[in-house]
Amino acid sequence: MPELAELKLTAQFINENAGNLKFTNIEKNPVHKGAEVISPFKKFKITSKSRGKELVLYLHDAESSDVLPIRMTMGMSGHFRMTNTGGEDKHAHLKFYNTDGTVLSFVDVRRFGKWKQGFEWSDNRGPDPTVEYDEFVENIKSNLHKIAFDKPIMEALMNQQYFNGIGNYLRAEILYRLPHVNPFISARDAIQQEPKILELCKAIPDLAFMLGGGRIKSWENPLGEMAATPETRRDLFQCYNRKGMSTIKDRNGRRFWFDPKWNSERILN
DNA sequence: CGTCCACGTCTAC
DNA sequence: TAGACCTGGACGG
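Just so you know, we're using the numbering used here here: the first sequence kicks off at 128 and counts up by one.
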């Protein structure tokens, strides 16, 4: 479930499903290399917030106002599910057991997701473009002289220090909606020439959120019927994974999807 | 069977 | 700037 909109939907899913329950213990799947998560509380409830591509779980002590944060990222395949005890997924790696017989699980087939008990947001990731839009814009404008913005805009959009939450499908959809912006020119030039890029860094994730997420695989689907239908997905995915579009591998080995009209411009350096 | 591919970071030459 | 980290689905022989 893993770009900005999916992280936001994940936090919402947790708040709707775990905020009133009483959790008692936490289990880590031994196959996962991550640290054990130890609850200092006998009973607790769980709430969550997302910011870009990070998510924080908050364990709230049932007996006091104490709160324990757990910083998480979802990797390529991480998501949360509620199941009954005994029905946990094979790839559930963190399991929060409830007194009512249900379990909140962090399910992550590829195990690229991570967690760190006792921490909230990383300081090397920028503001969330959807809920901290002014800070997001300021962070970019005041750093536009830096070398990160020498890179082509299609690559800079993946830099989480400035574009926290933008991933491979969002960069494609953002740039595709600016038909006059050459995705291979420097990020600095692109942003100065077309400040609307920054607005789309909010608008496209907002659209994805509204449609229930841009999820690509059905097994990453904790949202059930809320998830986008094939028809509404077409509003979101006009470029990424679409027949007729061009692709190129960027310097990070990620496939960038773009309008074929830019093919003559695609010189990386 | 085998090879390629996937919504993301990380760290090590 | 390669690879490493992982599983599994799609597709080819």
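From the three backbone atoms N, C-alpha and C, an ideal C-beta is built for every residue, glycine too.
Can you name the residues that DSSP bridges to residue 244? Within the first sequence, the letter at position 117 stands for residue 244. Per DSSP, 197.
Taking Cβ positions, are residue 175 and residue 184 nearer each other than 8 Å? Position 48 of the first sequence, counted from the start, is the residue given in the question as residue 175. Position 57 of the first sequence, counted from the start, is the residue given in the question as residue 184. Yes, the pair counts as a contact, with Cβ atoms nearer than the cut-off.
Using the Cα positions of residue 325 and residue 254, report the straight-line distance between them to the nearest angstrom. As a working mapping, residue 325 is identified with position 198 in the first sequence. As a working mapping, residue 254 is identified with position 127 in the first sequence. Looking at the two C-alpha atoms, the distance is approximately 13 Å.
Buried or exposed, going by whether 16 or more other CB atoms sit within 10 Å of the CB of residue 352? Mapped onto the first sequence, residue 352 falls at position 225. Because residue 352 sits at a pLDDT of 46, beneath the cut-off of 50, its placement in the model cannot be relied upon, and the point is left open.
Would you kindly check if the distance between the Cβ of residue 332 and the Cβ of residue 302 is under 8 Å? Stepping through the first sequence from its first residue, residue 302 is reached at position 175. Stepping through the first sequence from its first residue, residue 332 is reached at position 205. Contact flag unset, no.
If the criterion is Cβ atoms closer than 8 Å, does the pair residue 377 and residue 281 meet it? Numbered from 1 along the first sequence, position 250 holds the residue referred to as residue 377. Numbered from 1 along the first sequence, position 154 holds the residue referred to as residue 281. Yes, the pair counts as a contact, with Cβ atoms nearer than the cut-off.
So, using beta-carbon positions, are residue 243 and residue 177 closer together than 8 Å? Counted from its first residue, the first sequence places residue 243 at position 116. Counted from its first residue, the first sequence places residue 177 at position 50. Taking 8 Å as the Cβ cut-off, residue 243 and residue 177 do not qualify as a contacting pair.
Going by CA-CA distance only, name the one from 209, 227, 392 and 158 that's closest to residue 313. The residue labelled residue 313 in the question sits at position 186 within the first sequence. It is 392.
To the nearest angstrom, how far is the alpha carbon of residue 395 from that of residue 265? Sequence index remark: in the first sequence, residue 395 carries index 268 (1-based). Sequence index remark: in the first sequence, residue 265 carries index 138 (1-based). Because the pLDDT of residue 395 is 48, which lies under 50, any placement of that residue in the model is unreliable, and the number read from its coordinates should be weighed accordingly. Going from the Cα of residue 395 to the Cα of residue 265 covers about 28 Å.
Could you give the DSSP three-state label for residue 176: helix, strand or coil? Counting from 1 along the first sequence, the entry for residue 176 is found at position 49. Strand at residue 176.
Hey, residue 171 and residue 140 are a contact pair by Cβ (cut 8 Å); roughly how many whole angstroms apart? Translated into positions along the first sequence, residue 171 becomes position 44. Translated into positions along the first sequence, residue 140 becomes position 13. That pair is no contact at about 18 Å.
Could you check what DSSP says for residue 410 in three-state terms: helix, strand or coil? This structure does not reach residue 410, given that the chain is present from 128 up to 396, and the question cannot be answered.
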